[in-house]
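When you read off a place in the sequence shown, starting at 1, and then add 645, the result is the number in the numbering used here.
Just so you know, even glycine gets a beta-carbon here, dropped at the ideal spot from N, CA and C.
The model shown is predicted, which means the values in this text are computed figures rather than measured ones.
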Amino acid sequence: MARKCSSNIHLGRLFGGGNISSLRFVLIFLLLLTGLLNAKIAIYGDTRTNDDVHRQIVNAITAHEPHIAFHTGDLGTNGLSQEEYDNFFRISEPLIEYCAIHPAKGNHERDAALFLRNFPSIGARTYYSVSYDKMLFILLDSTIDINPGSIQYSWLQKELAENQHLPAIIILHHPIFSSGAHGDALGLGLFLPTLFAKHNVRAVFNGHDHNYERSKHNGITYVSTGGGGAPLRDARHDNPHSIVFRKEYHYCIGKRDEDILSVDVYAPTGEVLDSFLIHLRG
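Structure, rendered in structure tokens:
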């Protein structure tokens, strides 16, 4: 079953040492529960390599005052030292003052145990779910086996089936549909879209390819958002489902209004690179 998470789940040193106002988060959570406030969601990723760009992205996201944030993986360069995580938390501190950051594990988080120690609310597994504002966010670990028959795939099937009443948004590191440098290198497009189509999956967000791209397949929106600081790359693969491709640093802000999640994609300068709607009910 989905784990119930409010945006104040990571406090103090557990999420970078920010002094978070408990009263603010209690108020936001109560407003969300009563339906008087719709969630504002930040999604971004691949913040490794260029700290200056990462800092710009964090400051730009923070200006939107999101209620919850998700990271599509590759927080640092190697993920092998605590110093890398400390650097991530230092840069992210302005955002941590506003909300929790829920990360997917990327291929550059090479030490899974260290990743989990720095995000203790995840628990003992590197894949997990967050139920928030009547939406189900499922964060997968595409760096380990996710093929049909695997433990993670069976967990995913169960999680989707048991929460069919909630619109689901999938977040993982590796792309399923992509024109980028990596494309669907893992072959995830051979089986995950079929599973998603059987359930209430409304959108999929990934990183890994250092660009922005929006695709659509069988009514589900697929977004590559790997523009948080890693070196940008050109399109290299054919993606027949692609709608928009931008070689730009960027981040995504989603705003819920009843059964619609409207998403704007911004450059750090504030330029809108793309806008689209996710229908939370079929």
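(message) So, with DSSP's three-state summary, where would you put V910?
(response) strand
(request) Using three-state DSSP, classify G834 as helix, strand or coil. (result) helix
(message) Counting beta carbon pairs with one atom in the stretch 848-857 and one in the stretch 803-818, are three or more of them shorter than 8 Å?
(response) yes
(message) Pull the bridge partners of E858 from the DSSP assignment, please.
(response) S869 and F890
(request) Within the same chain, show all residues whose beta-carbon is closer than 8 Å to that of H886, passing over the 5 residues directly before and after it, in chain order. (result) F822, S860, K861, H862 and Y867
(request) Compare the C-beta of Y730 with all C-beta atoms of chain D and state if any pair is closer than 8 Å. (result) Judged by its chain identifiers, the structure shown contains no chain D, having just a single protein chain.
(message) Can you list, in chain order, the residues of its chain with a C-beta nearer than 6 Å to that of N590? Leave out the 5 residues immediately preceding and following it.
(response) Nothing about residue 590 can be read from this structure; the chain reaches only from 646 to 927.
(request) For the stretch 791-817, list the beta strand (DSSP E) runs that are entirely contained and at least 3 residues long, ordered along the chain. (result) 813-817
(request) Determine which residues share a DSSP beta bridge with L748 and list them. (result) Note on identity: in this sequence residue 748 is Pro, with Leu being the wrong assignment. P748 pairs with H716.
(request) Just tell me which of I706, P711, D697 and A875 has its CA closest to the CA of N683. (result) P711
(message) I need the boundaries of the beta strand (DSSP E) containing L925, first residue and last residue.
(response) Segment: none, L925 is in no beta strand (DSSP E) and carries neither H nor E.
(request) Excluding the 5 residues preceding and the 5 following H699 in the sequence, name in chain order all residues of the same chain whose CB lies nearer than 7 Å to its CB. (result) T692, I736, G873 and G874
(request) Label N928 either buried or exposed according to how many other C-beta atoms from any shown protein chain fall within 10 Å of its C-beta, with 16 as the threshold for buried. (result) One cannot answer for residue 928 here, as it falls past the ends of the chain, which runs 646 to 927.
(message) Report the CB separation of D904 from R926 in whole angstroms; it is logged as a contact under 8 Å.
(response) 5 Å
(message) Just to confirm the assignment, what range does the beta strand (DSSP E) spanning L725 have?
(response) From DSSP, L725 is part of no beta strand (DSSP E); its letter is neither H nor E.
(request) Mind checking which residues open and close the beta strand (DSSP E) that includes L759? (result) Where L759 is concerned, there is no enclosing beta strand (DSSP E), although the alpha helix (DSSP H) it sits in stretches over A757 to N763.
(request) Give a yes or no on whether the C-beta atoms belonging to L801 and L785 are separated by under 8 Å. (result) yes
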